[in-house]
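Enquirer: Protein chains in written order, with the working numbering: chain A, 616 to 840; chain B, 616 to 840.
(1) Return the bridge partner residues of residue 821 of chain A from the DSSP annotation.
(2) Identify the contact partners of residue 756 of chain A in chain B, using a Cβ-Cβ distance below 7 Å as the criterion.
(3) Starting from the beta carbon of residue 820 of chain A, find every residue of chain B whose beta carbon is closer than 8 Å, and list them in chain order.
(4) Our contact map puts residue 822 of chain B next to residue 772 of chain B with C-beta atoms below 8 Å; I'd like the distance itself, whole angstroms only.
(5) Between the stretch 795–816 of chain A and chain B, which residues of the former have CB atoms less than 7 Å from a CB of the latter, in chain order?
(6) So the candidates are A:759, A:775 and A:723; which of them puts its Cα closest to the Cα of residue 808 of chain A?
(7) Return no unless some Cβ of chain A is closer than 8 Å to the Cβ of residue 789 of chain B.
(8) Tell me, to the nearest whole angstrom, how far the beta carbon of residue 719 of chain A is from that of residue 699 of chain A; I am working on the premise that it is less than 8 Å.
(9) Closer than 7 Å to a non-hydrogen atom of the ligand MG - does that hold for the CB of residue 818 of chain B?
(10) Looking at the secondary structure, which residues open and close the alpha helix (DSSP H) in which residue 796 of chain A lies?
(11) How would you write the range of the alpha helix (DSSP H) that residue 677 of chain B sits in, first residue to last?
(12) Compare the C-alpha of residue 872 of chain B against each of B:704, B:713, B:742 and B:643 and name the closest.
(13) Among residues of its own chain, excluding the 5 on either side of residue 654 of chain A, which ones have a beta-carbon nearer than 7 Å to its beta-carbon?
(14) Under 8 Å between C-beta atoms, does residue 767 of chain A make it to chain B?
(15) Strictly under 8 Å for the Cβ-Cβ distance: is residue 655 of chain A near chain B by that measure?
(16) Taking the C-alpha atoms as reference points, what is the distance between residue 641 of chain B and residue 660 of chain B?
(17) Should residue 784 of chain B go down as buried or exposed, given a rule of 16 or more other Cβ atoms within 10 Å for buried?
(18) Taking residue 820 of chain B and residue 777 of chain B to be in contact with their CB atoms under 8 Å, please state how far apart those CB atoms are, rounded to whole angstroms.
(19) Nearest by alpha-carbon distance to residue 657 of chain B: which of B:632, B:733, B:811 and B:745 is it?
(20) Mind checking if residue 703 of chain B is an interface residue toward chain A, Cβ cutoff 8 Å exclusive?
If you want it as structure tokens, here you go:
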């Protein structure tokens, strides 16, 4: 228990910062605590202590621990999805865009390992309604991946016998699983993993025509570079 | 709170069963409760209630909730790993065996969805030492997959530029992720998913020679069948 003088100092120090800055700090600390302890075991007291606020002051920002989890997972989900959608919508052949999307998704996952882990591991701790809010209506990772596989198949770049939904789930599984094994100080860089994973995924579903077209645009890209 | 007569009846009924049968029941019920509630939220009281035992009687079998989790995850891990290792050691070309191993792993995952989910989602709730005991020394899924990729690469069936460890992690991710989306009453059967996933994974890493050899042994298998 801090004594009165210390309490006063901490409150003043916290209150000197603008509200938005404190909110960002709170989210960052909450992400870290959920990551280390798991959502169930994480306590608002510990989050308050680490951010240097009194527990009671948290209630200026949130109503419950659940509000913090919602904020953490919806932020990382929105950012990741927006990267993936931007890459998907750039000009280029659908198979090429799919490869870029996988690459970008892998790099983003590696670079946001802590919030991504909280998102993938703790999303199920949110009540169903809020989970649905986070995932949004229709604009999901799965639909982006699946849409590109469908487009590429229509263009003859993906084999006829590939089921776009299964292919999307196959690719998402291999990339999402990163959160279970990727180590920022490990032997593989995010870029290396991204290149290899995108390569294996594209080869796994591409038709012969698709692979031939891919060779052409890669050669063209190298020539341009 | 059950009254005295009901308590007596329940204890007698539980005690009429042989110890091994009660143990198996206890593990089954614990698996289900961990699956539904998550390990942290699951209580020994609820497990005892559902199995029809007094909470105190659980201590004839275990010392803590952790012992139950250990039992659940080590059982499903051992069974799955033994299936995968048996398939890996059968005669045949390494690429062919890899395809069979992926197929078997997918089917097993789909068929043991509830204990597999507890294994994949709650393993991290065990202390590090017991987690290491569950995973065993070296004989892991990853080493089986990686070993087959290496063998196939030495035989020229997998591309030179494929990193066996990254390939193993790619394949394991896509198959393990099943626990997040597979629905036993959904549109895809375990066999359908297994066939498609094994096909995408093998095509993702195979060399041209490997793909040609695969065509030959598939044709031979069809002729034999």
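Cβ atoms here follow ideal geometry from the backbone N, Cα and C, with glycine treated the same way.
Expert: Reading off the structure:
(1) A:773
(2) In chain order: nothing, as chain B lies at least about 12 Å away.
(3) 815 and 818
(4) 6 Å
(5) 796, 803, 808, 811, 812, 815 and 816
(6) A:723
(7) yes
(8) 6 Å
(9) What this structure holds is no ligand at all, so the ligand MG is not there to describe.
(10) 793–796
(11) No alpha helix (DSSP H) holds residue 677 of chain B; DSSP gives it neither H nor E.
(12) Look at the range of chain B in this structure, 616 to 840, and you will see that residue 872 of chain B is not part of it.
(13) 684, 737 and 740
(14) no
(15) yes
(16) 12 Å
(17) buried
(18) 5 Å
(19) B:733
(20) no
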